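Numbers given in our numbering equal positions in the sequence shown, counted from 1, plus 23. First comes the structure, then the notes that go with it.
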Amino acid sequence: MERIRWILLGSVLVGAYVPADAAQWQITPSLTLRETYSDNINLRPEGGEDAWVTEINPGISISRGRVSGGFGGFGGLGGIGGFGGGLGGIGGFGGAGLRGGLGGVGGLGGGFGGFSGFGGGGLGGGLGGIGGFGGLGGLGGGGRLALNLNYRMQNIFSTQEGRSYDLRHQLQANSTAELVRNSIFLNARASAGQTLINPQGRQFADNLANTGNRANFYTFGLSPVWRHHFGGYADAVASLGYNYVTTSTSQASATHTYTQSAFLQSGRRFNLLTWSGGIQNARQVRVGGQEVRFRSGIGRINYRLTRTFSLFVQGGFVDNQFRSTRGTNRNGLFYTVGATWTPMRQLSITAGGGRNSFVTVTLQPTRRTLLQGSYQRNNVGSLTGNVFQGLIQHRTRHTVWQGRYFETVTTTQTVLAEQQIFNEFGNVDEQPVLVPTDLPELVDEVFVRRRGELSFTGNTAKNTFNARVYQERRTFEVRKTESKVFGLYGSWTWRWGARTYSLVHGNWQTSDLAGGRGRGFGVQGGGNTFWIAAFRITRRLSPDVNAYVEYRHQEQSSDSAELDYQENRALAAINMRF
Numbered sequence: 024m025e026r027i028r029w030i031l032l033g034s035v036l037v038g039a040y041v042p043a044d045a046a047q048w049q050i051t052p053s054l055t056l057r058e059t060y061s062d063n064i065n066l067r068p069e070g071g072e073d074a075w076v077t078e079i080n081p082g083i084s085i086s087r088g089r090v091s092g093g094f095g096g097f098g099g100l101g102g103i104g105g106f107g108g109g110l111g112g113i114g115g116f117g118g119a120g121l122r123g124g125l126g127g128v129g130g131l132g133g134g135f136g137g138f139s140g141f142g143g144g145g146l147g148g149g150l151g152g153i154g155g156f157g158g159l160g161g162l163g164g165g166g167r168l169a170l171n172l173n174y175r176m177q178n179i180f181s182t183q184e185g186r187s188y189d190l191r192h193q194l195q196a197n198s199t200a201e202l203v204r205n206s207i208f209l210n211a212r213a214s215a216g217q218t219l220i221n222p223q224g225r226q227f228a229d230n231l232a233n234t235g236n237r238a239n240f241y242t243f244g245l246s247p248v249w250r251h252h253f254g255g256y257a258d259a260v261a262s263l264g265y266n267y268v269t270t271s272t273s274q275a276s277a278t279h280t281y282t283q284s285a286f287l288q289s290g291r292r293f294n295l296l297t298w299s300g301g302i303q304n305a306r307q308v309r310v311g312g313q314e315v316r317f318r319s320g321i322g323r324i325n326y327r328l329t330r331t332f333s334l335f336v337q338g339g340f341v342d343n344q345f346r347s348t349r350g351t352n353r354n355g356l357f358y359t360v361g362a363t364w365t366p367m368r369q370l371s372i373t374a375g376g377g378r379n380s381f382v383t384v385t386l387q388p389t390r391r392t393l394l395q396g397s398y399q400r401n402n403v404g405s406l407t408g409n410v411f412q413g414l415i416q417h418r419t420r421h422t423v424w425q426g427r428y429f430e431t432v433t434t435t436q437t438v439l440a441e442q443q444i445f446n447e448f449g450n451v452d453e454q455p456v457l458v459p460t461d462l463p464e465l466v467d468e469v470f471v472r473r474r475g476e477l478s479f480t481g482n483t484a485k486n487t488f489n490a491r492v493y494q495e496r497r498t499f500e501v502r503k504t505e506s507k508v509f510g511l512y513g514s515w516t517w518r519w520g521a522r523t524y525s526l527v528h529g530n531w532q533t534s535d536l537a538g539g540r541g542r543g544f545g546v547q548g549g550g551n552t553f554w555i556a557a558f559r560i561t562r563r564l565s566p567d568v569n570a571y572v573e574y575r576h577q578e579q580s581s582d583s584a585e586l587d588y589q590e591n592r593a594l595a596a597i598n599m600r601f
């Protein structure tokens with residue numbers, strides 16, 4: 024009950040900043056009724072129990088304006104934070120803006136942003152800047168409050184032995200309020216969802232199976248931000264942040280994260296010579312566990328020699344504290360001296376050498392295409408050695424391509440706080456509640472996260488195609504273990520009638536953990552292969568009501584025979600919006 028009160032409190036705080044005209048609000052209640060038959064509800068290797076499962080899932084969607092950057096910038100100054108905030112933020116790809124560490128502040132990106140700024144400085148530190156500056160540019164749609172809230176209460180009634188009723192909550196709320204015009208902002212967020220306790224155990228994609236390998240998680244965050252322009256001479260941004268993450272299991276401690284950051288850069292009156300500087304501190308306090316701290320600062324001076332060529336020098340410090348037996352973290356001072364060459368509007372190359380060296384190439388051949396890649400050689404920071412980052416974005420009239428690769432240092436609690444519980448459409452009726460199978464295990468430990476993914480969406484008059492491929496490697500700092508995940512997802516929606524369409528979707532994933540027999544990655548470890556395939560036919564009964572029937576098969580094969588299983592499901596549902 025205490026955790027539920029946290030979420031309800033978070034929801035109230037997210038939505039109760041500034042009074043507004045009711046006509047500006049969009050409030051959509053919903054209700055989903057679903058009946059499912061499973062021939063192996065407990066996902067056993069043999070002798071599985073069949074069961075009927077009834078779901079009654081009321082929900083609500085509330086929005087006002089547009090929170091374009093979400094809570095973005097979980098990477099802050101370091102690691103992926105310099106990539107633009109969007110990679111770690113609720114806004115998903117793009118987040119608060121492609122150009123930098125200051126998120127949606129607009130023109131403040133400048134020398135901070137991209138790989139050449141704070142990210143290129145090699146500060147590391149995936150915990151930095153929770154709340155950051157995402158959302159400062161997000162007051163779209165007019166007014167001084169932007170809110171996006173989606174909530175669903177999943178009531179599960181099952182004939183499975185020992186499980187008659189189960190209650191699950193899914194919540195995602197993001198808000199930005201402008202308390203003082205163009206000066207003081209308040210960002211808030213709250214979320215609730217489910218995750219696997221041990222990804223190497225029995226995997227599943229929703230909340231119907233009762234295997235003991237599922238945990239609820241709850242998060243809440245609040246960040247006041249101050250922004251000021253000093254008469255064209257300097258622009259300043261400062262923020263405080265608080266983030267709370269807890270789970271329903273003891274494997275990962277409840278955590279309180281406190282952040283402070285301040286940035287100052289030259290204003291519009293500076294032309295040939297520009298400068299920037301900032302400092303950031305993030306402290307994660309685990310209830311019953313060890314503290315994790317990331318602290319860093321940087322200063323930078325740029326001098327423009329010609330319209331296409333400029334020089335820069337930057338330096339700073341890193342002071343991190345977390346348990347590690349691998350030696351990837353190295354505190355101290357760093358410096359970088361280099362240049363930026365922009366031979367044409369579509370191409371920019373920045374390179375620098377010093378204690379932390381890097382080269383970044385940005386190519387934007389059209390307004391719809393962006394390619395960016397960076398190589399860093401860090402001697403100072405939370406992630407030393409060779410570090411790579413990459414971003415791909417391309418749009419055509421009927422397709423969207425997005426890809427990213429990043430390397431950062433983070434914790435399980437931070438990854439949970441970044442989860443997108445609902446999609447951009449609210450996800451209140453179309454897809455089943457999914458339990459992500461590619462998240463890290465619930466542990467109190469810092470780990471290095473290396474993840475790459477590529478997604479595609481295509482549309483024709485009657486068809487929609489989606490595809491995604493992802494791979495992630497996690498190296499834990501204390502246990503020295505390594506886990507790997509590789510997965511594929513695809514779906515095809517065919518609108519073959521005025522009110523009728525079909526959906527075919529599937530997911531295949533293989534995962535390994537160092538320490539036993541390997542599967543697929545060439546490392547020693549226990550391995551699982553999990554896949555799911557489904558076919559659905561949906562009929563729109565009215566503008567606000569649709570119904571569907573679906574057949575689904577899911578299967579897991581494992582190095583441990585007791586984790587193998589097969590399951591078939593048949594289900595029927597009706598979705599209503601009010």
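We treat Cβ as the ideally placed atom computed from N, Cα and C, and that holds for glycine. No experiment lies behind these values; they were computed from the predicted model shown.
Considering residue i, what are the terminal residues of the alpha helix (DSSP H) in which it resides?
i           : result
residue 440 : 435–440
Can you tell me where the beta strand (DSSP E) with residue i in it begins and where it stops?
i           : result
residue 223 : Premise fails: residue 223 is in no beta strand (DSSP E) and is neither H nor E.
residue 179 : 168–181
residue 284 : 278–289
residue 207 : 207–219
residue 342 : No beta strand (DSSP E) contains residue 342, which DSSP labels as neither H nor E.
residue 382 : 379–389
residue 394 : 392–401
residue 491 : 486–499
residue 601 : Per DSSP, residue 601 belongs to no beta strand (DSSP E) and is neither H nor E.
residue 250 : 237–253
residue 189 : 188–203
residue 264 : 257–270
Whose C-beta lies closer than 6 Å to the C-beta of residue i among residues of the same chain, with five residues either side of it excluded?
i           : result
residue 263 : 247 and 283
residue 324 : 298 and 336
residue 589 : 578
residue 479 : 424 and 490
residue 512 : 491 and 530
residue 471 : 432 and 498
residue 261 : 249 and 285
Keeping to the same chain, check which residues put their C-beta closer than 8 Å to that of residue i; ignore five residues upstream and five downstream.
i           : result
residue 179 : 76, 77, 78, 188, 189, 190, 191, 230 and 231
residue 468 : 346, 434, 435, 499, 500, 501 and 502
residue 523 : 560, 561, 562 and 563
Under the three-state reduction of DSSP, which class applies to residue i: helix, strand or coil?
i           : result
residue 585 : helix
residue 47  : helix
residue 421 : coil
residue 507 : strand
residue 562 : strand
residue 72  : coil
residue 304 : strand
residue 474 : strand
residue 366 : strand
residue 314 : coil
residue 428 : strand
residue 360 : strand
residue 52  : strand
residue 448 : Residue placement at residue 448 is flagged as unreliable, the pLDDT there being 47, under the threshold of 50; the coordinate-derived value follows with that caveat. Residue 448: coil per DSSP, three-state reduction.
residue 415 : strand
residue 96  : Since pLDDT at residue 96 reaches only 34, below the 50 mark, its modelled position is unreliable, and no value is offered.
residue 102 : With a pLDDT of 33 at residue 102, under the threshold of 50, the modelled position of this residue cannot be trusted, and the question is left open.
residue 83  : strand
residue 607 : With the chain represented from 24 up to 601, any question about residue 607 goes unanswered, as that position is not in the structure.
residue 185 : coil
residue 64  : coil
residue 110 : In this prediction, residue 110 has a pLDDT of 29, which is less than 50 and means its spatial position is unreliable; nothing more can be read from the coordinates.
Beta-carbon within less than 7 Å of residue i's beta-carbon, same chain only, minus the 5 sequence neighbours each way: which residues are those?
i           : result
residue 184 : 72
residue 331 : 364, 365 and 366
residue 360 : 336, 375, 376 and 377
residue 308 : 278, 279 and 314
residue 327 : 295 and 333
Pop quiz: residue i and residue j are said to be a contact at Cβ under 8 Å. What is the actual Cβ separation, rounded to whole angstroms?
i           : j           : result
residue 53  : residue 600 : 5 Å
residue 406 : residue 351 : 6 Å
residue 414 : residue 400 : Not a contact, Cβ separation roughly 20 Å.
Cβ of residue i versus every heavy atom of the ligand MG: is any distance shorter than 8 Å?
i           : result
residue 502 : The model depicted lacks the ligand MG and carries no ligand whatsoever.
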